[in-house]
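With this note's numbering, you'll find the sequence shown wraps up at 151, consecutive numbering, no jumps.
Each remark here refers to the structure printed beneath this line.
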Amino acid sequence: MILLSLIILIFGYSPATVKILPLIFFFLSSWMIYKTVKMKSDRNSAILSVLAFQILPYNLIYGTLNLYVSCIWFLSLTSLYLLLKRKYFLSGLFLALAFLTHYNTLPVIMSVYLYMFIQFFLRKTSIKEIVFFTIALIALLLITQAVYVLAISWV
-3 MILLSLIILI FGYSPATVKI LPLIFFFLSS WMIYKTVKMK SDRNSAILSV
47 LAFQILPYNL IYGTLNLYVS CIWFLSLTSL YLLLKRKYFL SGLFLALAFL
97 THYNTLPVIM SVYLYMFIQF FLRKTSIKEI VFFTIALIAL LLITQAVYVL
147 AISWV
């Protein structure tokens, strides 16, 4: 990843440097959980949610040691936060970045579409917002595939 290369360039190559990036994403994910829960509930519930996220053994092990898992958490949680704030285009971009990080984000994408269609049928969102989300998602995926094909053709 570009971010990992940048951190290695700044701090040098060492095992401690490589461990910094998953920790950063782990704490950024905790921050996004806090912001999302605080938006829908009170401060105490948000703090309790963050503590529950941080003390679960799976989250501690994979969130601090595995780069792509902690990155997917952060990108997916940011997408959820933006979706709840009704910023559909940015939400689609963050979800596309999560999918590009690893393909196991596909169930999250399907869940977001299910949420958006339920909101559409309850008349809380419009079809235009669903289209914006889809355009952002597809555009980023197509652009990265085009860059990949162009990079392969130069080799």
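We put the beta carbon where it would ideally sit given N, CA and C, even for glycine.
These numbers come from a predicted model, not from an experiment.
Exercise. Whole angstroms is fine: what's the gap from V33's alpha carbon to G8's?
Key: 37 Å
Practice problem: Confirm, please, whether the CB-CB distance from I68 to A94 is below 9 Å. | Solution: Contact flag set, yes.
Quiz item: What number of angstroms, rounded off, separates the C-alpha of L80 from the C-alpha of L118?
Solution: Each residue's Cα considered, the two are about 15 Å apart.
Practice problem: Please name the residue in N40, L133, A12 and Y84 whose C-alpha comes closest to that of M112. | Solution: Y84
Exercise. Measure the C-alpha to C-alpha separation of N62 and A42 and round it to an integer number of angstroms.
Key: 25 Å
Quiz item: Taking the runs of the alpha helix (DSSP H) that are 4 residues or longer, which of them lie wholly in the stretch 22 to 102?
Solution: 39 to 51, 53 to 61, 63 to 80 and 84 to 97
Quiz item: Would you report the Cα separation of L24 and Q141, rounded to the nearest angstrom?
Solution: Rounded to whole angstroms, L24 to Q141 spans 28 Å at the Cα level.
Quiz item: Exposed or buried, what is Y77 when buried is set at 16 or more other beta-carbons lying within 10 Å of its beta-carbon?
Solution: buried
Practice problem: Use the C-beta contact count for M106: other C-beta atoms within 10 angstroms, 16 or more gives buried, fewer gives exposed. | Solution: When all chains shown are included, M106 counts as exposed.
Practice problem: Assuming F21 contacts S66 (C-beta within less than 8 Å), just tell me the rounded distance between them. | Solution: 4 Å
Self-check item: Simplified DSSP state of L19, which is helix, strand or coil
Solution: helix
Quiz item: Comparing alpha-carbon positions, which option in A92, T97, F129 and H98 lies nearest L138?
Solution: A92
Quiz prompt | Sequence-distant residues of the same chain with beta carbon closer than 7 Å to T121, five excluded per side | solution = The answer, listed in chain order, is M112 and Q115.
Quiz item: Taking just the CA atoms, how far does E125 sit from L19?
Solution: 34 Å
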